[in-house]
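Have a look at the structure below, then the notes.
Protein chains in written order, with my numbering: chain S, 7 to 360; chain Y, 963 to 1296.
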């Protein structure tokens, strides 16, 4: 029996929902085993993520990071490039943002300081991605290996700079001096949510336009689908690799804007906190499409925020347990994404025949 | 149904109680926000947790706690506890200082305690330790116990605080044996360095291969790997923060105890009897804040001469006859 493909709406909406539902059922069983009422936990999770203005603010603040890193992975992925280096690019993007602010925040007004900070974050993120891209394009070093190694280089570089160079005089913690208020990304209610969310949404539209409505986006996607065909069509693969990776790195670098100009208001260590890696899952789950990425990012943000609230209320659910929950959602909506498709196809076939 | 009720309460609490801080002297609702290493690191955080357990055992007052999984959650967790009317709220670790500065200003009527850093606000009690003094003593012991004249140090994350441990340790070693060689490694440059026992074990084995026979681990949870490696190779190890002598009797030379348990216990207790004050407490050898551990698990490894010599040096430090240089006073060890 040949199964017909699912209708588009089922592919985009129903399938991910079924995946998430499967993940939550599995989580429920595990939560039951450690002696917590799964329904109670689910309610706490949802209330923790969306129950008040403050929690919604945190959820969207986390989602902002996931949108940036998700978009970064998606852009590279459309070019057939698997960018695992979002973590390092975000880190160095933040460094660029922070350096620009530390150098200029006493001189520039806010309407000039913020665009400069954003541009610096994008530039540094792009530069950090450009090195692995160059190594891939000209030397043939595989981008998966080089980007992941660059994460460690970025972490080591940041610690060196923070401990030895940028540390505020007299500070015990390795962190820079506080930014001046002119470098504060305007807050959007809540405690962490700031205008970076708007920037993230603008980036979504920009990525959509770039990928599907420009010749470069077309060439990038052609390279992703079939590099030989792209060469035959006259595309310079090396330039496309550089373009795709630099855009990807720039998007990841913007995490630094949300974290440093938006929340911490100084350069701190380890602010990417795994957002770069989670971006891979966000992009996979969002089917590498900006709209899907926004939805997946909100889900991940909700899990992050609701999960923290959950461990706040139920001591049995530790932070490790929250990671398990997130991991299962990634497993079911990433690795096992095709698991329920045959069931749905059978279901639709049944409906058609009746 | 109970689930709905509880979640409704949580909702109400998060929306409505933001500005209510009930400060009754007797009915304390203490809370702890742990550092990155986590509550059960057998070391720094666990010391704080032990102090809380002792408080709970004596007073039957439960202590709420939270283990953050990223930097943003420090602030979030401190604020959530403050909103719920918990106090005192103990923030564990220097990395929470900046978050606490912000939250403590938002809740001027709530009492906070920070361990390992100083936040100068009237409603914050800061507890810091002179780790270099305790490290000096265990450095002396290491030098006296070493047969090869080579001693090791495995630090956690490469930050000034850990260099302070190393610097004090080095001074203690040189005090006993100026020719002794110190081989030091830091586990890493990110906070993951606190939670990597596998890497700790590898670093320790690398040092043993180079002739080290006593190793001091100042690396949080990573240190458990160092202590295990010492046991596997039959070398001596020195624990940190909590008294870790019991972990591997026979190869645990001693532990540099940092009485974070006393810090958390005292803070809760002071809150309960109304004597809590927002001040800076610097706890060294003199105040009993740091010390070397001597108990039934390591008494066979410590000869009477070693003990006498260390105790003499301890008395000299307390009396001010020996000054142990603090790395963090000038960011250099000299």
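Quick reminder that beta carbons are idealized off the backbone N, C-alpha and C, glycines included.
Here the structure is a predicted model, which means the values were calculated and not measured.
CA-to-CA distance, residue j to residue i, given in whole angstroms
i	j	result
residue 1061 (chain Y)	residue 208 (chain S)	30 Å
residue 1053 (chain Y)	residue 1203 (chain Y)	17 Å
residue 1282 (chain Y)	residue 1086 (chain Y)	29 Å
residue 148 (chain S)	residue 229 (chain S)	16 Å
residue 1108 (chain Y)	residue 1143 (chain Y)	10 Å
residue 206 (chain S)	residue 62 (chain S)	17 Å
residue 320 (chain S)	residue 201 (chain S)	33 Å
residue 340 (chain S)	residue 290 (chain S)	6 Å
residue 284 (chain S)	residue 295 (chain S)	16 Å
residue 1115 (chain Y)	residue 1128 (chain Y)	7 Å
residue 55 (chain S)	residue 312 (chain S)	4 Å
residue 352 (chain S)	residue 77 (chain S)	33 Å
residue 238 (chain S)	residue 1040 (chain Y)	60 Å
residue 388 (chain S)	residue 1274 (chain Y)	With chain S represented from 7 up to 360, any question about residue 388 (chain S) goes unanswered, as that position is not in the structure.
residue 112 (chain S)	residue 104 (chain S)	13 Å
residue 203 (chain S)	residue 1037 (chain Y)	20 Å
residue 136 (chain S)	residue 300 (chain S)	26 Å
residue 983 (chain Y)	residue 97 (chain S)	Low confidence applies to residue 983 (chain Y): its pLDDT is 38, below 50, so where it sits in the model is not reliable, and the reading given next is rough at best. Rounded to the nearest angstrom, the two C-alpha atoms are 38 Å apart.
residue 173 (chain S)	residue 1021 (chain Y)	42 Å
residue 272 (chain S)	residue 252 (chain S)	25 Å
residue 31 (chain S)	residue 302 (chain S)	19 Å
residue 1110 (chain Y)	residue 1173 (chain Y)	7 Å
residue 990 (chain Y)	residue 1028 (chain Y)	17 Å
Whether residue i touches residue j by CB criterion (8 Å)
i	j	result
residue 322 (chain S)	residue 42 (chain S)	yes
residue 1007 (chain Y)	residue 1000 (chain Y)	yes
residue 226 (chain S)	residue 259 (chain S)	no
residue 1102 (chain Y)	residue 1130 (chain Y)	no
residue 1081 (chain Y)	residue 1063 (chain Y)	yes
residue 94 (chain S)	residue 129 (chain S)	no
residue 1175 (chain Y)	residue 1112 (chain Y)	yes
residue 1230 (chain Y)	residue 1084 (chain Y)	no
residue 1183 (chain Y)	residue 1005 (chain Y)	yes
residue 154 (chain S)	residue 286 (chain S)	no
residue 124 (chain S)	residue 343 (chain S)	no
residue 107 (chain S)	residue 189 (chain S)	yes
residue 1188 (chain Y)	residue 1168 (chain Y)	no
residue 1025 (chain Y)	residue 1017 (chain Y)	yes
residue 997 (chain Y)	residue 1043 (chain Y)	no
residue 316 (chain S)	residue 47 (chain S)	yes
residue 1292 (chain Y)	residue 1259 (chain Y)	no
residue 370 (chain S)	residue 1288 (chain Y)	Look at the range of chain S in this structure, 7 to 360, and you will see that residue 370 (chain S) is not part of it.
Simplified DSSP state of residue i, which is helix, strand or coil
i	result
residue 1254 (chain Y)	strand
residue 286 (chain S)	helix
residue 1214 (chain Y)	strand
residue 1203 (chain Y)	strand
residue 57 (chain S)	coil
residue 26 (chain S)	helix
residue 989 (chain Y)	coil
residue 320 (chain S)	coil
residue 1177 (chain Y)	strand
residue 274 (chain S)	coil
residue 1049 (chain Y)	strand
residue 124 (chain S)	helix
residue 1065 (chain Y)	helix
residue 171 (chain S)	helix
residue 1219 (chain Y)	strand
residue 334 (chain S)	helix
residue 12 (chain S)	coil
residue 342 (chain S)	coil
residue 146 (chain S)	coil
residue 1296 (chain Y)	coil
residue 299 (chain S)	helix
Sheet register partners of residue i (DSSP bridge)
i	result
residue 360 (chain S)	Bridge partners of residue 360 (chain S): none, in fact.
residue 1147 (chain Y)	Y:1116
residue 1088 (chain Y)	Y:1076, Y:1242
residue 200 (chain S)	S:193
residue 1135 (chain Y)	DSSP output for residue 1135 (chain Y) lists no bridge partner at all.
residue 994 (chain Y)	Y:1027, Y:1052
residue 1198 (chain Y)	Y:1176
Residues that residue i contacts on chain A, provided the C-beta gap is smaller than 7 Å
i	result
residue 1211 (chain Y)	Included in the structure are the protein chains S and Y, with no chain A among them.
I want to know whether the stretch 270-280 of chain S touches the stretch 115-124 of chain S - three or more CB-CB distances under 8 Å. no
Under 8 Å, with one C-beta from each stretch per pair, do the stretch 1215-1235 of chain Y and the stretch 1246-1264 of chain Y reach the 3-pair mark? yes
Cβ contact (3+ pairs, closer than 8 Å) linking the stretch 208-225 of chain S and the stretch 71-87 of chain S: yes
Using 8 Å as the cut-off, can you tell me whether the stretch 237-253 of chain S makes contact with the stretch 133-145 of chain S, which would need three or more C-beta pairs spanning the two stretches below that distance? yes
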